[in-house]
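Step one of this worksheet: look at the structure below.
Chains as they are written, first to last, in the numbering used here: chain A, 85 to 679; chain B, 85 to 679.
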């Protein structure tokens with residue numbers, strides 16, 4: 085039976101030692117309450133909830149899945165009760181506006197807490213996760229009465245929310261959506277259409293579900309400029325704000341999916357359902373984009389979650405499982421065979437996961453601080469950096485998350501393929517992360533096209549400057565040369581490579597799409613190298629000073645070395661494939677693809 | 085609903101045009117009957133069976149799975165009837181000895197046929213696949229009476245077979261196995277123990293099941309040198325050779341697996357079951373190894389199968405699905421959006437699959453000819469090359485098969501995660517291929533340790549010489565320079581890199597394990613580059629001569645270019661990580677792996 089232990093020591097290392105969260109929070113307006121003591125108390129409680137309540141339900145969720153009967157969705161055994169505990173603990177309200185019942189803590193703390201919740205049980209975490217998306221939308225664009233009616237109930241956790249975007253013929257290309265909104269005399273709208281892939285669209289965990297729905301007004305312009313956003317509750321609130329009349333919407337089917345079986349992924353039918361406009365008419369997509377970064381960091385977390393889960397469980401197995409002898413002679417002659425962790429290739433698989441887990445945590449927490457700065461301190465530099473790093477974090481960490489989940493499974497040999505060990509579930513659950521919230525391909529176009537090239541590289545420079553400054557600051561630190569020197573070189577080459585793509589793209593726009601995914605991965609490896617170099621700088625300080633758990637800091641150094649020597653060289657191949665250009669992709673006629 | 089179309093044109097290209105199968109078969113003793121007409125007739129019939137009977141059962145198998153009730157296993161709807169048709173068609177007997185009812189065709193024809201059967205429905209193909217393993221074992225090591233009793237029934241298809249190796253505490257490390265064989269006065273043995281992961285261990289498709297079981301005699305030496313091989317039938321044959329008394333063995337459970345649900349993966353309990361020794365006492369593992377190469381080529385086929393399935397279905401989707409506009413402007417302005425095949429990144433994913441499918445086919449068929457030469461012509465050069473290429477084919481093609489299956493799924497976006505499209509099943513089914521029949525890590529140790537270094541590089545040279553000769557023969561072919569030049573360079577570097585590893589390994593044996601998987605993948609990319617260069621040489625000849633379907637040959641050229649420019653550069657990273665050595669893997673203390 086797989087287990088999860090919240091990696092509190094490493095969280096504390098990244099948060100306090102590397103990112104100096106105390107200074108961070110004290111410098112932000114309204115965050116004075118976020119003292120180290122308070123944050124530690126929150127994380128300790130969150131860790132207990134994740135380890136004891138959520139983790140044991142992870143396999144249950146996979147095996148039972150959700151059931152739809154007569155329009156009613158039943159979630160797996162224990163999911164509802166866990167949600168009740170979550171609400172009683174006040175967790176949904178953590179990073180929300182006190183005016184509507186929130187606790188007013190900075191967004192970053194919510195993100196860190198979500199690591200614990202999501203690593204323990206990703207499917208379960210999606211119910212509050214989607215609510216959080218709905219809350220952010222209403223908080224940013226709703227009217228005060230809308231906030232009074234819906235936001236307070238979402239923040240308290242009594243109600244949950246969804247985001248209804250996708251239709252069967254359009255996911256990425258929302259401009260094609262067809263769901264209609266007919267204005268009514270009373271200022272409301274009648275919403276009609278079918279949405280698919282609606283996570284938490286129907287379930288038994290809360291009294292009401294607040295759907296945030298993208299739809300088109302009768303006279304709306306075509307394409308993305310004609311999309312508006314609506315609140316469409318499952319039950320219309322009565323005059324007291326409580327659950328009233330049932331709205332004309334229903335779950336038509338549950339999708340049969342590869343994984344995340346504990347999450348109810350619904351086909352939602354809106355049959356003239358009553359809805360209320362959020363924000364301005366035809367500005368629905370703009371409203372969505374305001375919190376897209378946060379949502380995508382939330383999905384980046386999924387990459388980390390499956391990496392951490394896979395690492396912890398495959399490490400335990402690698403220590404236990406006896407099979408074959410070390411090539412250099414028996415390491416444990418008294419045992420029937422050596423534990424497989426002695427084999428270099430098993431170590432390669434473990435260290436890859438470890439490097440991605442700890443590097444991914446550092447990247448996400450770094451982004452989380454940017455979120456705080458951008459939202460609370462109106463720091464435009466942070467905003468630019470966040471916009472640049474978001475598609476990287478989302479796509480790179482989910483791709484490496486899937487790779488890690490597979491390595492975790494591979495360490496189990498044939499047993500990894502058997503459900504009871506939980507490793508194949510981890511692979512299946514992780515696979516969705518590269519698809520939803522914008523596929524890897526879409527993130528890559530966002531990064532290279534929209535973020536980098538459309539700003540003439542400004543957005544890239546907002547980050548390479550940071551890397552450059554850090555390298556400069558460590559220039560005389562001999563102990564770090566093995567890390568700073570390649571990082572500094574790659575940081576320059578990143579700019580050069582971008583320039584080469586930009587030049588080619590001026591001749592042929594297709595060069596952007598041809599380079600995009602490899603460029604994103606290339607960027608991800610360098611970004612993570614920066615974070616590993618920072619972690620190692622922090623660890624080296626402690627080693628030099630001889631304070632703290634020296635083995636922990638030594639392990640950081642060794643993992644960093646592994647990352648720089650065994651993972652970072654992937655940039656070599658990516659540079660070559662990017663430079664190979666678009667011709668090798670475009671030359672084939674559509675007919676020639678068939679044999 | 086996913087579909088499968090047998091790629092007969094490409095099979096014919098590889099078999100006849102590139103590998104000149106007519107000359108091949110005519111040069112082998114006893115293969116005179118394998119004329120092009122006969123082979124084409126076999127493949128045409130095989131294609132129909134695969135497309136019409138097996139492919140439609142692929143999703144059925146996944147959804148229904150196998151059921152165990154009171155020791156009886158029921159296979160998915162249609163599986164039994166398909167097997168009946170298979171037997172009536174005489175398919176099981178194709179590559180077996182006419183003395184025992186076989187048709188005496190060379191092994192390579194069986195392998196090619198298995199591509200069709202396995203691509204259409206891998207889970208189903210495992211039932212005859214395991215039988216084939218049992219037949220080979222008895223054919224090579226059984227006595228004539230054993231052949232008369234068991235082999236004839238297996239060849240006719242009336243009975244099926246299994247291979248019972250793994251126990252829960254040992255898969256890779258068979259030396260640890262505990263199943264016991266007690267000699268009886270009548271010359272038989274009583275077999276007791278529990279085997280796991282037994283594919284086709286129990287089912288309703290045939291009258292009897294012939295288990296080939298590894299077990300240990302009471303006085304056997306420890307480890308791999310004390311393992312013997314037994315025939316243990318489900319029903320003991322009566323004096324007439326028909327199904328008689330039930331043997332004391334049973335299926336204790338079916339494994340719950342990630343995929344290949346249509347295959348009955350059984351826990352088999354042997355409770356003093358009657359068994360008969362095959363070959364000499366304590367030589368069981370040697371007997372197994374005699375046909376290990378063929379079995380592993382069979383699993384390499386699985387990589388090709390999932391690549392082909394994924395490619396065909398994602399290509400169809402990419403042509404149909406309308407989403408977004410081409411970056412350089414609408415390609416189909418009359419449609420609501422462009423088909424996603426216009427996007428360079430979708431083409432990258434399609435071409436990766438296409439390059440691996442066609443390159444994988446070429447590699448497997450190349451190996452299949454080596455099998456023929458080694459087995460039928462006692463060609464020791466072919467034997468050495470086959471021993472070298474087998475772990476590469478098995479591990480490299482299953483790794484790239486999984487990558488391809490994932491790319492096929494990725495092209496579907498969120499729909500790829502939904503079961504009805506069949507793409508996520510393809511990913512799940514393919515995942516086992518890197519684990520069973522020796523994990524990727526085990527194949528890599530076999531390649532670098534056992535095959536390459538233990539022969540002082542002789543085994544590597546048996547293949548690089550072939551590559552070198554081919555490059556020499558094309559040295560003046562200007563049209564091929566873009567392929568021959570990098571291939572020739574890499575072919576030299578392969579030897580240099582191997583030498584460097586060998587030198588380091590003399591100091592520290594762990595260097596072998598540290599380099600092994602990256603070395604195997606590096607070898608795979610070069611091996612496939614050789615086959616792509618050969619395909620392109622063949623295609624170029626036809627283009628120069630202006631004969632045949634020019635678009636087909638043009639596509640070969642373009643796919644080869646894609647392979648050389650976008651896939652082959654992966655060797656750069658692999659060379660760097662191999663050269664980074666073992667220290668970065670060994671430095672971490674076991675305790676330090678935990679946070």
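We put the CB at the ideal spot given by N, CA and C, even for glycine.
In this text the structure is predicted, and so the values were computed from the model without any measurement.
- At a cut-off of 9 Å between beta carbons, residue 503 of chain B contacts chain A.
- Distance between residue 233 of chain B and residue 431 of chain A, taken at the CA atoms: about 48 Å.
- Where residue 614 of chain A is concerned, the enclosing alpha helix (DSSP H) starts and stops at 594-629.
- The beta carbon of residue 647 of chain A lies closer than 6 Å to those of 439, 616 in the same chain, with the five residues before and after it left out.
- The beta-carbon distance between residue 397 of chain B and residue 497 of chain B, rounded to whole angstroms, is 14 Å. This is too long to meet the 8 Å contact definition.
- Residue state for residue 355 of chain B is assigned as strand, using DSSP reduced to three classes.
- Taken in chain order, the members of the segment 412-430 of chain B whose beta-carbon sits within less than 7 Å of a beta-carbon on chain A are 412, 420, 421, 425, 427, 428, 429.
- Taking a cut-off of 8 Å on C-beta distances, the segment 214-233 of chain A does not touch the segment 260-280 of chain A, as fewer than three cross pairs fall below it.
- Cβ atoms of residue 103 of chain A and residue 453 of chain A come within 8 Å of each other, at about 6 Å.
- Bridge pairing for residue 247 of chain B: B:296 [DSSP].
- The Cβ of residue 567 of chain B sits no closer than 9 Å to any Cβ of chain A.
- Contact annotation for residue 657 of chain B against chain A: 653, 654, 656, 657 [CB-CB distance below 7 Å, chain order].
- In terms of Cα proximity to residue 254 of chain B, the closest of B:307, B:209, B:292, B:302 is B:307.
- In the DSSP annotation of this structure, residue 158 of chain B is not part of any alpha helix (DSSP H); the continuous beta strand (DSSP E) holding it starts and ends at 156-158.
- With respect to residue 161 of chain A, residue 144 of chain A sits close: the two C-beta atoms are nearer than 9 Å.
- Per DSSP, the continuous alpha helix (DSSP H) segment holding residue 451 of chain B begins and ends at 428-460.
- The Cβ of residue 410 of chain A sits closer than 9 Å to at least one Cβ of chain B.
- Collapsing the DSSP output to three states places residue 281 of chain A in a strand.
- The CB of residue 516 of chain A comes closer than 9 Å to the CB of 498, 501 in chain B, given here in chain order.
- Shortest Cα-Cα distance from residue 675 of chain B to any of A:425, A:605, A:101 involves A:425.
- The shortest CA-to-CA distance from residue 420 of chain A to any of A:410, A:406, A:274 is the one to A:406.
- Residue 597 of chain A reaches chain B at 411, 427, 428, 429, counting residues in chain order whose Cβ is nearer than 7 Å.
- Straight across, the Cα-Cα distance linking residue 627 of chain B with residue 409 of chain A is about 54 Å.
- For residue 287 of chain A, there are no C-beta contacts with chain B under 8 Å, since the nearest C-beta of that chain is about 19 Å from it.
- Judged by DSSP secondary structure, residue 97 of chain A falls outside any beta strand (DSSP E); it is assigned neither H nor E.
- The shortest C-alpha to C-alpha distance from residue 241 of chain A to any of A:166, A:515, A:278, A:89 is the one to A:166.
- Contacts with chain B at 9 Å (Cβ-Cβ) include residue 676 of chain A.
- Interface residue (Cβ-Cβ distance to chain B less than 9 Å): residue 157 of chain A is not classified as such.
- Under DSSP, the beta-bridge partners assigned to residue 337 of chain B are B:351.
- Within chain B, 429, 432 have C-beta atoms less than 8 Å from the C-beta of residue 601 of chain A, given in sequence order.
- Contact between residue 510 of chain B and residue 394 of chain B holds, since their C-beta atoms are separated by about 5 Å, short of 8 Å.
- Residue 87 of chain B has its alpha-carbon roughly 27 Å from the corresponding atom of residue 634 of chain B.
- The beta carbon of residue 457 of chain B sits closer than 6 Å to those of 463, 466, all from its chain and outside the five residues before and after it, given in chain order.
- Taking 9 Å as the CB threshold, residue 350 of chain B stays off the interface with chain A.
- The bridge partners DSSP lists for residue 637 of chain B come to none.
- Among the bridge pairs identified by DSSP, residue 151 of chain B is matched with B:158.
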